[in-house]
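The sequence shown lines up with residues 32 to 998 when you count with the numbering used here. First comes the structure, then the notes that go with it.
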Amino acid sequence: MKMKCTVFILFMMACCLYGQKKPLDHSVYDSWQNIGSRKISNDGKWVAYSVDVQEGNSNLFLYSVKNKTSKNFARGTKVDFTNDSRFAVFQIRPLYKDIKAVKDKKLKKNKLTKDSLAIVDILSGQTEKIPNVKTFKIPEKAGSYIAYLLEDTKDKSSNDASDKEDGEENKEEDKNVKPLQLVVRNLLDGKSTTYDNVIRYEFSKNGKQLAFITKKPDEKKDKKEGKDSADEKSSDKSDKKDTDKSKPKKYALETVQVVDLQKGAVTKISEMEGDFSQLSFDEEGSQLAFVGTSSAQNDLVKLYNLYYFNFKGNKKEQITHESGQMKKDWVISENRLPLFSKNGKQLYFGVAPKPIAKDTAMIANDHAVVDIWNYRDDYLQTVQLKELKNDLKKSYAAVMQTEKPDFFRNIDGEDLDTLRVVNQGNAEFALGVTSLNNRISSQWEGSTKKTYFLIDNKTGDRTEIIKNLDGSVAVSPLGKFVVIFDREKGRWLSYNVKTKQTLPLSTGLPVSFVDEEFDMPDFPYSYGIASWTDNDESVIIKDRYDLWEFFLNGSKKPRNITNGFGRKNKITFDTYDLDKDIKSLNRKSSIYLSAFDNTSKANGIFKTSIQSNADPVKIQMEDVWGYRSLQKAKNADEYIVVKESYSDSPNIFATSNFSEQQKLSNTNPQQSLYNWGTDELVHWTTPKGNTSTGVLFKPENFDPNKKYPMIVYFYEKLSDNLNRYVAPSPTPSRLNISYFVSNGYLVFTPDISYTDGLPGESAMEYINSGVEKLKQNTWVDSTKIGIQGQSWGGYQVAYLIAHTDMYAAAWSGAPVVNMTSAYGGIRWSTGMNRQFQYEKSQSRLGKNLWEAPDLYIKNSPLFTIDKVKTPVVIMSNDKDGAVPWYQGIEMFTALRRLGKPVWLLNYNGDDHNLIKRQNRKDIQVREQQFFDYYLKGAKAPVWMTKGVPATQKGKDWGFDLTDDKPN
């Protein structure tokens, strides 16, 4: 009897606890966690991972797989293991609140505490922290050395704090970088060597060499010298007035030196008053290349040289714009890192046409500032202006034969779009790609037809592989074959580099190798290449479900290496790339395959071998998402994977066999305090007989005897995300699903398939029928259903409310409402014209405006907007880079003219999807208040009733609730 009472009491406590779970509120976002970067040591014994929060301080964890113990390092980031797995190294950032304070108050950066470097000896467990470290590096593939630059804490000349995120300032190397002290340490014996006035440094991959550049610091006058005579002061003032810009301003003295880390010897490689950069070693560390200029700092056009050194052969070479093989009026480019081939026999470097100096004597006010659009331009002016910075720095590849370093060949050209090295640069040729003569049509085609060449590295001669291809090309790892996908014909081809013959690969097979669900008015894309096999024997290509082996020389028939198991069970297989140094798979060896069940949405892993004729063997399948994130230790059969589901926050697991998995992390334990939710698949048949799937989210405390309001959110197809975790977060403008579900809403995300020319009607067919299916349940309040969509989803929201009154409230983010005016608009993020989007892509009309004006009008909500009866909020931002923001204005002004309840939010200076976190937080509150009013009967906020006039902007955000009604 006593036991029964105890069980009853525990049961009642659990029920009370369950009943006390609170709904999510907007204060929870910042501290909600996610798994950030993660690495596994080469020996597989240690795992490093970060637990990040949305806004605040991250934590870095080092986990011992053997001992199942963990160490936590607050604010640790940029972690790496040494190649021998003996040490873990990482940076420790300042407190987030201090970083934020410096940015918010626009303080000098020197007011901020500097980063620290942490070195963890994994064997002893000891941690050393070194303060004021600017950067650090360790060799990529060998050695136990570390090098780091120390901040100059006495320097008070730091710039103002910027709004850039951490690391953005390093995207472009600072030409005025200040010299600092470099420390080079042998981690095994603890011995260190310091080098002063270093500005750049680089290890060889094998850890045997370290190159660094020193810069003579500016001379600082002694303060006592400032107390000299008046004549001397007068002289100083005269010097300061000497600002003749025509006089050359020399660079400081810079020196390139190389340290032999095994011997400790330091060799001076080059020295001059100039600027050196782009240090690059070959694989063995026996060759070094870099670029440098001795031009004056204030020269409008600086002339660079390429410097090459071979330490073993004691060879050196300097290539200049005057070299015999250089094209006329071409120069060495400082904007490309020299790249050695894997075998060290070739060096790829950048050359470019000599820049034209700007006329500094020109008086700006005497000349027009105008963009001249020409119908014969390859690219619109908007594209050109968007790419202007990149184009001004564009370089073209040249190749040096390192056995004869005075010989090189420019193999690239201004007619080429890109040039790809082959076989890690070892091949005697490169792949050239050009869209010349096809670029104008990209305005309405979207994709651009390209011609592909093999270009001889010694002669520059071109061999055409295929002309005007709408598709893709990939070169086999050793460069023996080129695999071609032709979109127009939906087939795969193999080109033999030696024989120059092209063979069909995929013809005559009973399955399709193009996207079977593709529903845009264009040729479908392929499922892609999965892997290659050793010695370029075959290529593994994906169909919708299975993996196929195609022998590149056509000597054997194609094989389904997953034996049709995928199609039979509707499971999609793919291979893994678990070691970046391994470019191909052994046909006899066992390999892991990721697996996705298209019916249940389960995720897992199978095992097979390429040469096997049997079904792949299931290792693990779970109702989770994440097996594609699998990582492997380089030298051990140890793995890590991040898994999640809608109810389970992402966590990291370690395993050696997948049947037993160690859970390393425990993110978001606070979730158990909140009323979370569940999700489930919903299936239905549309009025036209098409089957569809969606996901229904319910509150954790769902009661089938109650009625619930429902919000429908849609964007293409979302059901594959059934097992994705949806963190409560201020979203860029998508629906904050977890928040609304926790607060007593149902959320439904239906999949949509489209018919060419009828995107609006297709959306109605699938969305409305899915909603009708759910309305058959008594727990759905059919009078309280809202819809929300962003971008393409925002368009569909506008279309739905212009054609049906079944929804009580609508939220339309960045919508297009007038396809006739949007058709000729610009996507400002890329500069591209929007015509391709309607003719070939997502908007799915399939015809141009003059062929079918009726389609553009029929699918434009603006022309039936007088039928709208649903209150709607529009978000349309003035820096939208995808949809012209005047589309939102057209929608708002039309509804306002018609007396319909409508609001428009313009987040000043923000993009198509909100970037600024403060704006993301703002829109969550407004969206909640809007739907709560119309779907729950809550009070309306001031911004919906009285509005917020421009005179109150930045003073009153209108969030206060009122008894007033918006309509």
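Heads up, the beta-carbon is just placed ideally off N, CA and C, and yes, glycines get one too. Source: prediction; values computed, not measured.
Item                                                                                                                                         : Value
Chain-order list of residues whose beta-carbon lies under 6 angstroms from that of asparagine 201 (same chain, five-residue window excluded) : The predicted position of asparagine 201 is uncertain, since its pLDDT is 47 and thus under 50; no value can be drawn from it.
Beta-carbon proximity list for serine 147, same chain, < 8 angstroms, skipping 5 on both sides                                               : Gln122, Ile123, Lys160, Ile161, Pro162, Asn163 and Val164
Within the stretch 667 to 729, ranges of the beta strand (DSSP E) (whole runs, at least 3 residues)                                          : 670 to 674, 682 to 686, 692 to 694 and 708 to 716
Three CB pairs or more closer than 8 angstroms across the stretch 919 to 930 and the stretch 858 to 865                                      : no
Residue nearest to tyrosine 705 in terms of C-alpha spacing, selected from Val528, Gln819, Tyr770 and Asp751                                 : Tyr770
Same chain, Cβ closer than 8 angstroms to proline 997, five either side skipped, listed in chain order                                       : Pro902, Pro932, Tyr964, Ala971, Met975 and Thr976
Where glutamine 642 falls, given that 16 or more other Cβ within 10 Å makes a residue buried                                                 : exposed
Of the listed residues Val430, Ser773, Glu495 and Gln377, nearest to asparagine 457 (C-alpha basis)                                          : Gln377
Neighbourhood of valine 542 by C-beta, 6 angstroms cutoff - its chain only, sequence neighbours within 5 removed                             : Asp574
Status (buried if at least 16 other CB within 10 Å, exposed otherwise) for valine 899                                                        : buried
Beta carbon of glycine 174 nearer than 9 angstroms to that of threonine 113                                                                  : yes
Distance between glycine 978 and glycine 989 (C-alpha atoms, nearest Å)                                                                      : 7 angstroms
Cα-Cα separation, arginine 493 to leucine 485                                                                                                : 6 angstroms
Counted within 10 angstroms of its Cβ, other Cβ atoms place valine 430 as buried (16 or more) or exposed                                     : buried
Extent of the continuous beta strand (DSSP E) to which arginine 231 belongs                                                                  : 223 to 234
Neighbour-count burial assignment, leucine 524, 16 or more Cβ in a 10 Å radius                                                               : buried
Which listed residue (Gln212, Arg106 and Asp836) has its alpha carbon closest to that of glycine 817                                         : Asp836
C-alpha distance - asparagine 682 paired with lysine 674, whole-angstrom precision                                                           : 6 angstroms
Distance, serine 703 Cα to glutamine 51 Cα                                                                                                   : 11 angstroms
Contact under 9 angstroms by Cβ, leucine 935 with glycine 919                                                                                : yes
Residues near serine 89 by beta carbon distance below 6 angstroms, same chain, minus five either side                                        : Ser81 and Asp83
Alpha-carbon to alpha-carbon, alanine 383 and glutamate 445                                                                                  : 9 angstroms
Three-state secondary structure assigned by DSSP to leucine 624                                                                              : strand
Assigned secondary structure, arginine 928 (DSSP; H/G/I helix, E/B strand, else coil)                                                        : helix
Rounded straight-line distance, which links the Cα of lysine 738 to that of phenylalanine 684                                                : 40 angstroms
Rounded straight-line distance, which links the Cα of tyrosine 869 to that of tyrosine 410                                                   : 19 angstroms
Cβ neighbours of lysine 748 in the same chain (closer than 6 angstroms, five flanking residues each side left out)                           : Asp782
Those runs of the alpha helix (DSSP H) which lie wholly inside the stretch 825 to 906 and span at least 4 residues                           : 850 to 853, 866 to 870 and 884 to 889
Counterpart residues of valine 297 in DSSP-defined beta bridges                                                                              : Val290
Identified DSSP bridge partners for asparagine 441                                                                                           : Ala429
Buried versus exposed call for tyrosine 94 [16 or more other C-beta atoms within 10 Å across all chains shown]                               : buried
Counterpart residues of glycine 635 in DSSP-defined beta bridges                                                                             : Ala626 and Met652
Rounded C-alpha distance that separates aspartate 330 from aspartate 911                                                                     : 38 angstroms
Close-in-space but distant-in-sequence residues of the same chain around lysine 247 (CB under 6 angstroms, 5 per side omitted)               : Ala283 and Leu284
Helix, strand or coil at leucine 524 according to DSSP, with G and I counted as helix                                                        : strand
Any beta strand (DSSP E) of 3 or more consecutive residues that is wholly inside the stretch 778 to 833                                      : 811 to 821
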